[in-house]
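With the working numbering, the residue at position 106 of the sequence shown is 107, and numbering never jumps. All residues carry an ideal CB built from backbone N, CA and C; glycine is no exception. To start, the structure itself, in structure tokens.
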Amino acid sequence: MKSVDVLVHEHRMIGRMVSILEAIAARLDAGGDVSTRVLVDVMDFSEHFTSNCHHAKEEHHLFPLLAEHGMSLDSSPIAALREQHEANHAYLREMHAALTRLRAGDTQAPQTFAASARDYARLLREHMRIEDHYFQDVSSLLSPAEDDVLYGRMVAIDESCARVGDRRRYERMLEEYEELMATW
Numbered sequence: 002m003k004s005v006d007v008l009v010h011e012h013r014m015i016g017r018m019v020s021i022l023e024a025i026a027a028r029l030d031a032g033g034d035v036s037t038r039v040l041v042d043v044m045d046f047s048e049h050f051t052s053n054c055h056h057a058k059e060e061h062h063l064f065p066l067l068a069e070h071g072m073s074l075d076s077s078p079i080a081a082l083r084e085q086h087e088a089n090h091a092y093l094r095e096m097h098a099a100l101t102r103l104r105a106g107d108t109q110a111p112q113t114f115a116a117s118a119r120d121y122a123r124l125l126r127e128h129m130r131i132e133d134h135y136f137q138d139v140s141s142l143l144s145p146a147e148d149d150v151l152y153g154r155m156v157a158i159d160e161s162c163a164r165v166g167d168r169r170r171y172e173r174m175l176e177e178y179e180e181l182m183a184t185w
């Protein structure tokens, strides 16, 4: 498996979570209830898996390697992707604040959460579309040795990010919430 294949596979997992977030936003906008457990879980996935683990692979390892191949971190597609990562983090902060307010009983918090979740989902979909296309070209830039090193670094990030059984837990969570969304 090539290192970019790892990222593309993770995009599929993140895309599934994006669909769940879109369903949650629609339900909240319609005045429906969504359990706090579901909201906490989607925030955990988004903050831990997407922002901390997945983005770390790109930001700390892939992008610097691409810079070594002449792609400036400040004035290339990498710069735009990094800006989108920052925007994703901002939406997550908004969602986290709305969740805190929701738990405290703020009746406006569900709509605030929904608005930020929709914006986050829209940006993530576009971001992953761009990266998936861009990563096709990236594979050809890396030598087999560079790809092996990058893959090893990605495995190390997975090990450092992982709480016991996270990947399996996230897979089960996606399945459970996809089934739940089908009943809404």
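Pull up the CB-CB distance for residue i and residue j, whole angstroms please, since I reckon it's below 8 Å.
i, j, result
"residue 136", "residue 19", "Their Cβ separation, rounded to whole angstroms, is 18 Å, which puts residue 136 and residue 19 out of contact at 8 Å."
"residue 40", "residue 89", "Wrong, their Cβ atoms sit about 17 Å apart, outside the cutoff."
Where does residue i sit, in a helix, a strand or coil, going by DSSP?
i, result
"residue 108", "coil"
"residue 19", "helix"
"residue 99", "helix"
"residue 32", "coil"
"residue 72", "coil"
"residue 57", "helix"
"residue 143", "coil"
"residue 163", "coil"
"residue 77", "coil"
"residue 184", "coil"
Where residue i and residue j are concerned, what is the direct C-alpha to C-alpha distance, given to the nearest angstrom?
i, j, result
"residue 66", "residue 77", "14 Å"
"residue 36", "residue 108", "14 Å"
"residue 54", "residue 106", "32 Å"
"residue 71", "residue 48", "31 Å"
"residue 170", "residue 13", "16 Å"
"residue 43", "residue 140", "31 Å"
"residue 11", "residue 104", "30 Å"
"residue 178", "residue 172", "10 Å"
"residue 121", "residue 95", "10 Å"
"residue 52", "residue 168", "14 Å"
"residue 22", "residue 134", "23 Å"
"residue 131", "residue 102", "34 Å"
"residue 27", "residue 123", "13 Å"
"residue 180", "residue 69", "44 Å"
Excluding five sequence neighbours on each side, which residues of the same chain lie with their C-beta closer than 6 Å to the C-beta of residue i?
i, result
"residue 174", "42"
"residue 82", "none"
"residue 163", "none"
For residue i, collect the residues of the same chain with a Cβ closer than 8 Å to its Cβ; drop the 5 residues on either side in sequence, then sort them by chain order.
i, result
"residue 24", "182, 185"
"residue 30", "112, 115"
By Cβ distance, which residues of its chain are closer than 7 Å to residue i, with the 5 residues on each side in sequence left out?
i, result
"residue 161", "none"
"residue 117", "92, 95, 96, 99"
"residue 148", "3, 4"
"residue 86", "56, 60"
Discussion item. Below 8 Å, how does it come out for the region 148–155 and the region 49–68: are there three or more Cβ pairs, yes or no?
Written reply: yes
Discussion item. Under 8 Å: do the region 139–152 and the region 35–52 share three or more Cβ pairs, one atom per stretch?
Written reply: Result no; under three Cβ-Cβ pairs closer than 8 Å.
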